[in-house]
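Novice: Sharing a structure here in structure tokens format.
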Ligand code: DGL
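Numbering (our numbering), first residue to last: 4 to 274.
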């Protein structure tokens, strides 16, 4: 048995591509339909009500593309708006619980830091999962508001002084806390991994939610006979603002050339 329909993935912008990159590795035969809400990024500074409204629209768009499952490749939606998926006709995967489980598996000293958007940090969603699995863990939550605009602007080089200074300021409390494991609780943040490790040192394990989530999706598809076994995958990308800059950035972030013809603009408010 096999289901040839695509996997639907969405995020507020470019960040979800860090999850797509992991899906390419874990499930190389799957078609992917990606929606990046580039016209409304960031989500993480908005109210829960607005984030839920956006998440519902993003999910409905992917449903209209006839996907077989949906991944909220967005820490913010996963933290505060996962319930918008309750009525979806297809399975739904979020990124918070998989990252939290991976962190519990990785920590040696029980000190886990979580960095994310304002909305994610306020929700304490990672902390709840961590403490349910490891009640004596110590958890530090830190929002890093400027990381998303930096990444969307294409500023993520670990040699860039502005990037290093920004990362260093936000991560000072993490360093002082003595965490040995850091959850990159926003899917934009793995793009800053090199800069983050330069500041914190290689001995702090960085948890990329995409890796653990891609693994969980693979187990689900294979376990239910729904994996696509055909060998020529097709990927389509949709954005809610002009596609040009997305094409350029996505090619860099995914490490492979994205054909501009496969990136289309969607009027997400008028589906
Ligand atoms: N990449 C998203 C996340 O994981 C969204 C960031 C934002 O739009 O603020 O939280």
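The beta carbon of each residue, even a glycine, is placed where N, CA and C say it ideally should be.
For residue 111, which of helix, strand or coil comes out of DSSP?
Specialist: Three-state DSSP puts residue 111 in coil, outside helix and strand.
Novice: Indicate, with yes or no, if the ligand DGL has a heavy atom lying under 8 Å from the CB of residue 280.
Specialist: Outside the modelled stretch of the chain, which goes from 4 to 274, sits residue 280, for which no answer is possible.
Novice: Looking at the secondary structure, which residues open and close the alpha helix (DSSP H) in which residue 247 lies?
Specialist: Run containing residue 247: 246-257, per the alpha helix (DSSP H) assignment.
Novice: State the Cα-Cα distance for the pair residue 105 and residue 80, rounded to the nearest angstrom.
Specialist: Each residue's alpha carbon lies about 19 Å from the other.
Novice: Between which two residues does the alpha helix (DSSP H) harbouring residue 58 extend?
Specialist: Looking at the DSSP string, the run of the alpha helix (DSSP H) that includes residue 58 is 51-67.
Novice: With a Cβ-Cβ cutoff of 9 Å, do residue 14 and residue 39 count as a contact?
Specialist: For residue 14 and residue 39, yes; Cβs fall inside 9 Å.
Novice: Touching or not, the region 247-263 and the region 47-55, by the rule of three or more beta carbon pairs under 8 Å?
Specialist: As far as the Cβ criterion goes, the region 247-263 does not touch the region 47-55, which means the pair count is below three.
Novice: Is residue 264 helix, strand or coil by DSSP?
Specialist: Of the three classes helix, strand and coil, the one that applies to residue 264 here is helix, per DSSP.
Novice: Let me check you understand the geometry: is the CB of residue 19 closer than 8 Å to at least one non-hydrogen atom of the ligand DGL?
Specialist: Result yes, Cβ under 8 Å from the ligand DGL.
Novice: Mind listing, in chain order, the continuous alpha helix (DSSP H) runs of no fewer than 4 residues lying wholly within the region 95-169?
Specialist: Listed in chain order, the complete alpha helix (DSSP H) runs (minimum 4 residues) inside the region 95-169 are 99-109, 121-126, 128-136, 150-155.
Novice: Terminal residues of the continuous alpha helix (DSSP H) containing residue 81?
Specialist: Here the alpha helix (DSSP H) through residue 81 covers 78-83.
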